[in-house]
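Structure record follows, encoded as structure tokens.
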Amino acid sequence: VAQALEAELNSEVAMFRGCMFAMNTAKTYRTHLATFLDFCNKLCIPPVPVSESTVARYAAFLARKLKPASVRQYLNVVRILHLESGLDNPCKDSRLVKSTLKGIEREKGCEIVRKTPITPPLLMEIRSKLSLQTRNDCVLGAACLLMFFGLLRKSNLFANGAEFCGEKQLTRDCFQAGRASQFLSVVVCWSKNNQCRKRRQVINLPVLHPHPLCPVSAIVNMFKLTGPQAPKSPAFPLSSYTFCQRLRAVLSDRPNVTSHSFRRGGGGCYVGPLKWGPWRSCEESGRLEEFCLPGVS
27 VAQALEAELN
37 SEVAMFRGCM
47 FAMNTAKTYR
57 THLATFLDFC
67 NKLCIPPVPV
77 SESTVARYAA
87 FLARKLKPAS
97 VRQYLNVVRI
107 LHLESGLDNP
117 CKDSRLVKST
127 LKGIEREKGC
137 EIVRKTPITP
147 PLLMEIRSKL
157 SLQTRNDCVL
167 GAACLLMFFG
177 LLRKSNLFAN
187 GAEFCGEKQL
197 TRDCFQAGRA
207 SQFLSVVVCW
217 SKNNQCRKRR
227 QVINLPVLHP
237 HPLCPVSAIV
247 NMFKLTGPQA
257 PKSPAFPLSS
267 YTFCQRLRAV
277 LSDRPNVTSH
287 SFRRGGGGCY
297 VGPLKWGPWR
307 SCEESGRLEE
317 FCLPGVS
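Residue numbers in the sequence shown follow this note's numbering, run continuously in steps of one, and reach 323 at the last position.
What follows is the structure, given as structure tokens:
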């Protein structure tokens with residue numbers, strides 16, 4: 027009995043440890059691990075343990091193709107491998123590794139190019155290029171306005187691949203009419219910064235009708251076009267890939283615009299530092315500009 031219980035608990039420990047990282051984080055670490063193992067194979071050395079000299083060589087190897095910030099990220103898998111093996115981190119307090127990274131940053135440093143924030147004129151341009159009578163374009167238009175006014179990420183709306191997760195992406199029952207139909211409440215239970223669903227964020231979208239950029243009108247029209255659905259069905263029935271492809275086609279002349287541009291642009295529509303759940307804007311950093319919505323006071 028004791029052995030059976032021990033085996034069950036070991037299985038549960040393995041399962042929980044497998045859930046330690048978010049899906050995208052685990053995918054990133056797999057890429058970093060494969061790169062490090064390839065480097066070790068090239069030098070005919072074991073991946074664990076490695077000396078600080080080997081870590082410095084690995085940093086130089088990475089710097090041939092990667093930016094300085096990416097080099098630091100790739101080195102993290104070396105730390106994880108050693109800690110998982112019960113060994114000390116060879117990167118910690120290493121003068122050799124730190125000086126190598128500093129030299130890489132000085133020699134190969136480059137300007138950080140931030141994503142272009144979406145502005146109200148850009149939203150109008152997107153709207154003018156969409157066929158809002160068609161299902162996919164209607165969903166895309168509503169999603170753009172929700173990400174802009176709600177400061178939401180693409181992952182809150184669309185699933186990667188064909189697998190939809192109602193605990194992460196918004197469902198029909200996440201939307202509730204506000205008092206006297208003055209706003210539309212959106213309940214967000216999961217986000218990149220709320221992976222364990224410890225808090226529930228409620229976003230009140232303003233009714234700006236008859237303005238063409240009214241987010242509530244866009245969402246209501248989308249629900250009408252997609253028809254009656256189950257409460258736990260996807261609120262935005264598109265895949266992440268389809269959304270990105272269509273957005274890229276609509277804004278083909280603006281390569282630096284991505285789904286995160288809506289979040290950045292939406293933050294710039296507010297006056298003063300903005301706190302939205304765990305997210306905070308910082309005017310002093312210059313990352314956000316202030317925009318106004320034409321025709322709306």
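Just so you know, even glycine gets a beta-carbon here, dropped at the ideal spot from N, CA and C.
Which listed residue (Arg140, Leu101, Asp64 and Lys91) has its alpha carbon closest to that of arginine 290: By one-based count along the sequence shown, residue 290 stands at place 264. Ranking the options by Cα distance to arginine 290, first place goes to Arg140.
Inter-residue CB distance, asparagine 230 and serine 211 (contact presumed, cutoff 8 Å): Your numbering for residue 230 matches position 204 in the sequence shown. Your numbering for residue 211 matches position 185 in the sequence shown. Confirmed, Cβ separation roughly 6 Å.
Reference alanine 256; option with closest CA among Gln271, Gly293, Thr197 and Val246: The residue given as residue 256 occupies position 230 in the sequence shown. Checked all of Gln271, Gly293, Thr197 and Val246; the closest Cα to alanine 256 is Thr197.
Completely contained alpha helix (DSSP H) runs for the region 29-94, where each covers 4 or more residues: 49-69 and 78-89
Integer Cβ distance of aspartate 127 from valine 97, believed to fall under 8 Å: Counting from 1 along the sequence shown, the entry for residue 127 is found at position 101. Counting from 1 along the sequence shown, the entry for residue 97 is found at position 71. The question names aspartate, yet the displayed sequence has leucine at residue 127. With 8 Å as the limit, leucine 127 and valine 97 qualify as a contact, their Cβ atoms being about 7 Å apart.
Leucine 171 beta carbon less than 8 Å from that of alanine 23: Nothing can be reported for residue 23: it is not among the residues displayed for the chain, which extend from 27 to 323.
Spatially closest choice to glutamate 137 from His237, Ala95, Arg280 and Arg226, by CA coordinates: As a working mapping, residue 137 is identified with position 111 in the sequence shown. Residue Ala95 is the option with its Cα nearest to glutamate 137.
Whole-angstrom distance between serine 278 and glutamine 208, CA atom to CA atom: Working through the sequence shown from its first residue, we reach residue 208 at position 182. Working through the sequence shown from its first residue, we reach residue 278 at position 252. Rounded to the nearest angstrom, the two C-alpha atoms are 36 Å apart.
Proximity of serine 266 and lysine 180 at Cβ, strictly below 8 Å: Here residue 266 is taken as the residue at index 240 of the sequence shown, counted from 1. Here residue 180 is taken as the residue at index 154 of the sequence shown, counted from 1. Yes. Within cutoff.
Distance CB(leucine 113)-CB(proline 75) smaller than 8 Å: Residue numbering aside, residue 113 sits at position 87 when the sequence shown is read from its first letter. Residue numbering aside, residue 75 sits at position 49 when the sequence shown is read from its first letter. For leucine 113 and proline 75, yes; Cβs fall inside 8 Å.
For glutamine 271, the first and last residue of its enclosing alpha helix (DSSP H): The residue given as residue 271 occupies position 245 in the sequence shown. Run containing glutamine 271: 266-276, per the alpha helix (DSSP H) assignment.
Cβ separation of asparagine 247 and cysteine 164, assumed to be a contact under 8 Å, to the nearest whole Å: As a first step, residue 247 is located in the sequence shown; it is residue number 221 there, counting from the start. As a first step, residue 164 is located in the sequence shown; it is residue number 138 there, counting from the start. About 6 Å separates the two Cβ atoms, so the contact holds.
Range of the contiguous alpha helix (DSSP H) that encloses isoleucine 152: Here residue 152 refers to the residue found at position 126 of the sequence shown. Looking at the DSSP string, the run of the alpha helix (DSSP H) that includes isoleucine 152 is 146-154.
Alpha-carbon spacing of phenylalanine 201 relative to alanine 30, whole angstroms: The residue you call residue 201 lines up with position 175 of the sequence shown. The residue you call residue 30 lines up with position 4 of the sequence shown. Straight-line Cα distance between these residues: approximately 47 Å.
Residues bridged to isoleucine 229 [DSSP beta-bridge criterion]: Counting from 1 along the sequence shown, the entry for residue 229 is found at position 203. Answer is Val212, bridged to isoleucine 229.
Glutamine 202 (DSSP reduced to helix, strand or coil): As a first step, residue 202 is located in the sequence shown; it is residue number 176 there, counting from the start. Of the three classes helix, strand and coil, the one that applies to glutamine 202 here is strand, per DSSP.
Coil, strand or helix - serine 157 by DSSP: Start at 1 with the first residue of the sequence shown, and residue 157 comes out as number 131. Three-state DSSP puts serine 157 in coil, outside helix and strand.
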